[in-house]
Amino acid sequence: MFYPYGFGFGSHWLLYIGVPLILGIWAQIRVTSAFRKWGEVRASSNITGAECAQEILQAAQIRDVEVVETNDFLGDHYDPRDKKLHLSSNVYHTPSVAALGIAAHETGHAIQHARAYAPLKARMAIVPVTMIASQLLPFIIIGGLFFGITGLITLGIYCYLVLVVFQLITLPVEFDASHRAKIILREMGIVQPGQEAAGVNSVLNAAALTSRQGVRAAESANGDRARDDDRVATAAVHHHRRPFLWDHRSDYTRHLLLPGPGRFPIDYVTGGIRCFAPSENYFA
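Quick look at the structure:
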């Protein structure tokens, strides 16, 4: 059996570490590529990412979430601790297809939080352990390799596996947020069928595969936001925005947006769309 570095670790450890790392890099490249491509396409609704987020929050009757701007490229995330929705400048100010997709995705996390979405609660529960592991990992690995301390390398591998578990828990959270965003954008009339819908789908499918939003949310929930505090601007409230298209929204979209008792089974199917609908304790 192959033992890297002579410390007695089987080649299967390379798979445990290497495969998630490669998949993560691939997912990040994909979302960056989709954002750059569709960031050049202007949406016919002509509203910015910030305005899109505000409209969805208002339609969902969520009034305690603040939309703010951050200068980090693709640094978009929802912070459940202080209920702030952070949008990067390219999303916040731009009326592009990509901006609307990213803004709706992050707003989907705010809706998840407001509705006590179980996978989001699970992710928030392991945030402290994840942050400790992410902070210790570089020092543990470097120390183990330089000083030949097998125990440190073993500890580093387990810390990395904690991060992998966090990513696995994040996946259903991200897929649900993207699924909500697709339906809400379509039925609120914010994006139109055809090229715009295809662009939104491309951006959201890529966004669902990356855990970057989850990691940033974890950093924020852990209080590591000092570097952003001096460059965050609060979203202005636009009272002149176009009215909501209530008449064009299906009953299913209303259940995605609005609070109420969970009345549908997990595999609720409507209009040919299979999705994860409210469970019994969804709005508890």
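Quick note, the sequence shown lines up with residues 3 to 286 if you use the working numbering. The C-beta atom is built at its ideal place from N, Cα and C for all residues, glycine as well. Values in this document were obtained by computation on a predicted structure and should not be read as measured data.
Next on the checklist: Could you check whether the region 169-177 touches the region 71-79, counting it as contact only if at least three pairs of C-beta atoms, one from each stretch, sit closer than 8 Å?
Outcome noted: Too few Cβ pairs lie closer than 8 Å, so no.
Checklist entry - If you pair each beta-carbon of the region 153-160 with each one of the region 59-74, do three or more pairs fall below 8 Å? => result No, they do not touch.
Checklist entry - Are there 16 or more other CB atoms within 10 angstroms of the CB of W28, so buried, or fewer, so exposed? => result Counting Cβ neighbours within 10 Å, W28 comes out exposed, since fewer than 16 surround it.
Checklist entry - Run through DSSP, which three-state label would L211 get? => result L211 carries a coil assignment under DSSP once its states are collapsed to helix, strand and coil.
Checklist entry - Are the beta-carbon atoms of H115 and K86 separated by less than 9 Å? => result Cβ atoms of H115 and K86: not closer than 9 Å.
Checklist entry - In or out: A118 buried (at least 16 other Cβ within 10 Å) or exposed? => result By the C-beta density criterion, A118 is exposed, having fewer than 16 other C-beta atoms within 10 angstroms.
Checklist entry - Using DSSP with H/G/I as helix, E/B as strand and the rest coil, what is K123? => result It is helical.
Next on the checklist: Need the endpoints of the beta strand (DSSP E) that K86 sits in, please.
Outcome noted: Its beta strand (DSSP E) spans residues K86 to S90.
Checklist entry - Is S46 helix, strand or coil by DSSP? => result Here S46 sits in coil by DSSP.
Checklist entry - Just checking my contact of I192 with I49 at CB under 8 Å: how many whole Å lie between their CB atoms? => result Cβ-Cβ separation between I192 and I49: approximately 7 Å, consistent with a contact (criterion under 8 Å).
Checklist entry - Using DSSP with H/G/I as helix, E/B as strand and the rest coil, what is H79? => result Here H79 sits in strand by DSSP.
Checklist entry - Can you pull the DSSP bridge partners for S288? => result No answer is possible for residue 288: it lies beyond the span of the chain, which begins at 3 and ends at 286.
Checklist entry - Given that a residue counts as buried once 16 or more other Cβ atoms are within 10 Å of its Cβ, and exposed if not, what is I24? => result I24 sits exposed, since fewer than 16 C-beta atoms from the chains shown fall within 10 Å of its C-beta.
Checklist entry - Is the distance from the Cβ of A200 to the Cβ of A179 below 9 Å? => result No, they are not a contact pair.
Checklist entry - For P195, does the three-state DSSP call read helix, strand or coil? => result P195 falls in the coil class under three-state DSSP.
Item to check | the region 138-152 in contact with the region 89-106 per 3-pair CB rule at 8 Å | outcome: Result no; under three Cβ-Cβ pairs closer than 8 Å.
Item to check | C-alpha distance - H181 paired with V205, whole-angstrom precision | outcome: Going by the C-alpha atoms only, they are around 12 Å apart.
Next on the checklist: Here's the rule I'm using: 16 or more other beta-carbon atoms within 10 Å means buried, otherwise exposed. How should G153 be labelled?
Outcome noted: It is exposed - the Cβ of G153 has fewer than 16 other Cβ atoms within 10 Å.
Checklist entry - Leaving out five residues before and five after S46 in sequence, what residues of the same chain have Cβ atoms less than 6 Å from its Cβ? => result In its chain, beyond the 5 residues on either side, Q194 have a beta carbon closer than 6 Å to the beta carbon of S46.
Next on the checklist: For the alpha helix (DSSP H) containing M133, name the first residue and the last one.
Outcome noted: Start and end: V129 to F149.
Item to check | Given K39 as reference, the closest of T109, S98 and I186 once Cα atoms are compared | outcome: Closest by alpha carbon: S98.
Item to check | Endpoints, the alpha helix (DSSP H) within which D66 is located | outcome: Where D66 is concerned, there is no enclosing alpha helix (DSSP H), given that its DSSP letter is neither H nor E.
Checklist entry - When burial is assigned at 16 or more other CB atoms within 10 Å of the CB, is Q56 buried or exposed? => result Q56 should be labelled buried.
Next on the checklist: Taking only three categories from DSSP, how would you classify A118?
Outcome noted: The answer is coil: DSSP assigns A118 none of H, G, I, E or B.
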